[in-house]
Amino acid sequence: MEALYRVAYGDESTPDQATPLERQRSVYLRGTSGRLWGRPANGVESRWLLTGFSRCGWCGGMMEVRTLDARYCSREPLYQCASYVRRGTTVSANRLALPAALAHDAVLDAIEADLLHPDVVSHAIHQTVEDLQRPHAADPAQTAGLKDELETLDGQMRNLTATL
Ligand SMILES: [Zn+2]
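In the numbering used here, the protein residues as written are 19 to 182.
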């Protein structure tokens, strides 16, 4: 299995101060050397968490990860508008660069705080169970189509058995 993206996990709180979810996250990331595994929802494997998901706020173009060359002090990976980089300021005037580690931390923290909150997960489970237990009403058009098909098949079966 390949690594899809690497996340920075900076200050690890002590086990006594961490919530259970933070402890699980910390243990998992320690075991994988900071790598997360799995295929992203869009099916395209990427080394970076937000590639293919993030868009430029100015032109709507995709964001790509770049590192600046040796003239700059840092070779830190940055998200930047691909249209600005490749097609110039006439297409996109957004030359802002977002440090990838900051973006990853913000997105993962938001997912952990909002999406993986026990109340949200519990509500989703209850909704799913209710949906599965509720009898589903049949679509009248679909039911009529199936009845017609069944009558046709019955007729064909009678004709077939009559010839035998
Ligand atoms: Zn742009």
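Note that beta-carbon positions come from the ideal geometry of N, C-alpha and C, so glycine has one too.
These numbers come from a predicted model, not from an experiment.
Exercise for review: Answer yes or no: does any C-beta atom of chain C fall closer than 7 angstroms to that of Thr161?
Suggested key: Of the protein chains in the structure, only one exists, and it is not chain C.
Check your understanding: Of the choices Tyr102, Leu133 and Val138, whose alpha-carbon is the least far from that of Met80?
Key -> The residue given as residue 80 occupies position 62 in the sequence shown. From the listed residues Tyr102, Leu133 and Val138, the smallest Cα separation to Met80 is found for Tyr102.
Point to revise | Best match in Ala111, Ala131 and Leu67 for proximity to Cys74 [C-alpha to C-alpha] | key: Start at 1 with the first residue of the sequence shown, and residue 74 comes out as number 56. For the residues Ala111, Ala131 and Leu67, the minimum Cα distance to Cys74 belongs to Ala111.
Practice item. Per DSSP, which residues does Leu96 bridge with? Please list them. Key: As a working note, residue 96 is residue 78 in the sequence shown. Arg84 and Pro117.
Check your understanding: Whose CB is closer than 6 angstroms to a heavy atom of ligand 1? List the residues in chain order.
Key -> Cys74, Trp76, Cys77, Gly79, Cys99, Ser101, Tyr102, Ser110 and Asn112
**Study point:** Coil, strand or helix - Arg65 by DSSP
**Key:** In the sequence shown, the residue the question calls residue 65 occupies position 47. Three-state DSSP puts Arg65 in coil, outside helix and strand.
**Study point:** Host alpha helix (DSSP H) of Gly70 (start-end)
**Key:** By 1-based counting over the sequence shown, the position of residue 70 is 52. Element bounds for Gly70: n/a, residue is neither H nor E.
**Study point:** Thr107, buried or exposed, once every other Cβ within 10 Å from all chains shown has been counted against 16
**Key:** Here residue 107 corresponds to residue number 89 of the sequence shown, with the count starting at 1. That one is exposed.
Check your understanding: Do the CB positions of Pro95 and Ala121 come within less than 7 angstroms of each other?
Key -> Within the sequence shown, numbered from 1, the residue matching residue 95 stands at position 77. Within the sequence shown, numbered from 1, the residue matching residue 121 stands at position 103. Against a cut-off of 7 angstroms, the Cβ pair of Ala121 and Pro95 comes out as no contact.
Exercise for review: Would you mind reading off the limits of the alpha helix (DSSP H) that contains Pro153?
Suggested key: The residue given as residue 153 occupies position 135 in the sequence shown. Bounds of any alpha helix (DSSP H) do not take in Pro153, whose DSSP letter is neither H nor E.
Exercise for review: Would you kindly work out how many angstroms separate the C-alpha atoms of Ser140 and Arg113, rounded to a whole number?
Suggested key: For the purposes of this step, residue 140 is taken as the residue at position 122 of the sequence shown. For the purposes of this step, residue 113 is taken as the residue at position 95 of the sequence shown. The alpha-carbon atoms of Ser140 and Arg113 are separated by roughly 42 angstroms.
Review point. What distance in whole Å lies between the Cβ atoms of Leu171 and Val125, which are believed to be in contact at a cut-off of 8 angstroms?
Key: Against the sequence shown, residue 125 aligns to sequence position 107. Against the sequence shown, residue 171 aligns to sequence position 153. About 53 angstroms separates the two Cβ atoms, so there is no contact after all.
Check your understanding: In chain order, what residues of the same chain lie with their CB nearer than 8 angstroms to the CB of Asp132, ignoring the 5 residues before and after it?
Key -> Counted from its first residue, the sequence shown places residue 132 at position 114. Correct list, in chain order: Val138.
Exercise for review: Classify Gly163 as helix, strand or coil using the three-state DSSP reduction.
Suggested key: Mapped onto the sequence shown, residue 163 falls at position 145. Correct three-state label for Gly163: helix.
Exercise for review: Measure the alpha-carbon distance for Val45 versus Thr37 and round it to whole angstroms.
Suggested key: For the purposes of this step, residue 45 is identified with residue 27 of the sequence shown, where counting begins at 1. For the purposes of this step, residue 37 is identified with residue 19 of the sequence shown, where counting begins at 1. Cα to Cα, the separation comes out at about 12 angstroms.
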